[in-house]
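Numbered by this note's numbering, the letters in the sequence shown go through residues 220 to 443 in order.
A virtual CB, placed ideally from N, CA and C, is assigned to each residue, including glycine.
Notes follow the structure.
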Amino acid sequence: MSNRTAAGGWALRAHAACDWLFWVMTVNVLWYAFTLAGGIVLGAAPATIAAAELTRRRLRGEAFPAVRTFAAAWRREFWRSNTVLAPILVIGAILTVNTIGFAGAGTLAETSGILTLVALVLTFALLAVTFPLYVHYDLPLRGYALTASRWMLRNLAHVLLLVLAAVVIVTASLILPGIIPFLSLGAWLTIDTALCLAFFAANDRQLAAADADAAPHAVPVAAG
């Protein structure tokens with residue numbers, strides 16, 4: 220009986236792993252397709268938000284048609300997401316080009332190269348926090364990048380984990396370049412969203428607990 224139970228558990232885990240692998244591939248394809256639909260420059264931000272929004276819903280156990288739901292989120296968030304993410308994406312693209320240039324010239328280890336690389340990592344970390352923040356909290360558009368920056372300063376260990384996850388994905392992609400068109404970007408979007416949502420949920424629970432602990436000590440207000 221225990222052998223059957225163990226076999227059933229392995230089968231369920233294998234099915235769940237395959238299901239998530241298919242999801243990563245789906246996100247990967249949809250992100251590229253809708254980024255191209257927006258002319259790349261304007262399509263990347265809403266595609267990123269749509270990917271995070273759908274991943275968030277899937278983590279909650281919701282069922283939905285992926286393509287139609289992704290398209291609806293992409294259209295709905297087109298201008299708002301570009302307002303929030305486009306500046307970060309543009310800065311990141313410029314820093315990436317400069318970093319590649321320094322590496323090609325063999326000057327990446329010099330002061331200017333190191334500063335550019337550090338700026339690129341910080342910009343990437345800001346992006347990695349901002350787009351899950353966008354789908355999890357309802358803030359003024361100007362508040363997302365600022366809130367993400369503050370969160371990064373207060374949660375350096377979490378930021379390091381996000382960067383480490385990206386490094387693992389990049390390393391795997393360099394070792395197995397064949398996965399780049401099918402898995403790499405979708406894997407990063409899915410893992411980054413899942414990690415950030417877990418971090419945010421834990422933070423929300425801590426704030427709620429702190430408020431609950433403070434409530435009994437509040438000074439009661441006499442009724443008029």
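- Message: Helix, strand or coil, according to DSSP, for Leu-327 in the structure here?
- Response: coil
- Would you give the residue range spanned by the alpha helix (DSSP H) that Val-260 belongs to? It is not in any alpha helix (DSSP H) - Val-260 carries neither H nor E in the DSSP assignment.
- Bounding residues of the alpha helix (DSSP H) (the contiguous stretch that carries Arg-294): 285-295
- Under the assumption that Leu-304 contacts Phe-350 (Cβ atoms under 8 Å), give the Cβ distance between them as a whole number of angstroms. Leu-304 to Phe-350, Cβ: 6 Å. Contact.
- Outcome for Ala-269 when other beta-carbon atoms lying within 10 angstroms are tallied against a minimum of 16: buried
- Span of the alpha helix (DSSP H), counted from its first residue to its last, around Gly-362: Unbroken alpha helix (DSSP H) run through Gly-362: 362-373.
- Which residue from Pro-306, Leu-383, His-355, Trp-298 puts its Cα closest to that of Val-340? Leu-383
- Query: Looking at the structure shown, is Gly-280 part of a helix, part of a strand, or coil, going by DSSP?
  - Reply: coil
- What separation, rounded to the nearest whole angstrom, lies between the Cα atoms of Leu-426 and Ile-307? 29 Å
- Can you give the Cα-Cα distance for Ala-420 and Ile-313, rounded to whole angstroms? Across the structure, Ala-420 and Ile-313 are spaced so that their CA atoms are roughly 33 Å apart.
- Query: Do Phe-297 and Leu-261 come within 9 Å of each other at the CB atom, strictly closer than that value?
  - Reply: Yes, the Cβ-Cβ distance between Leu-261 and Phe-297 is below 9 Å.
- Same chain only: Cβ atoms within 7 Å of Leu-402, ignoring 5 sequence neighbours per side: Answer for Leu-402: Val-243, Met-244, Asn-247, listed in chain order.
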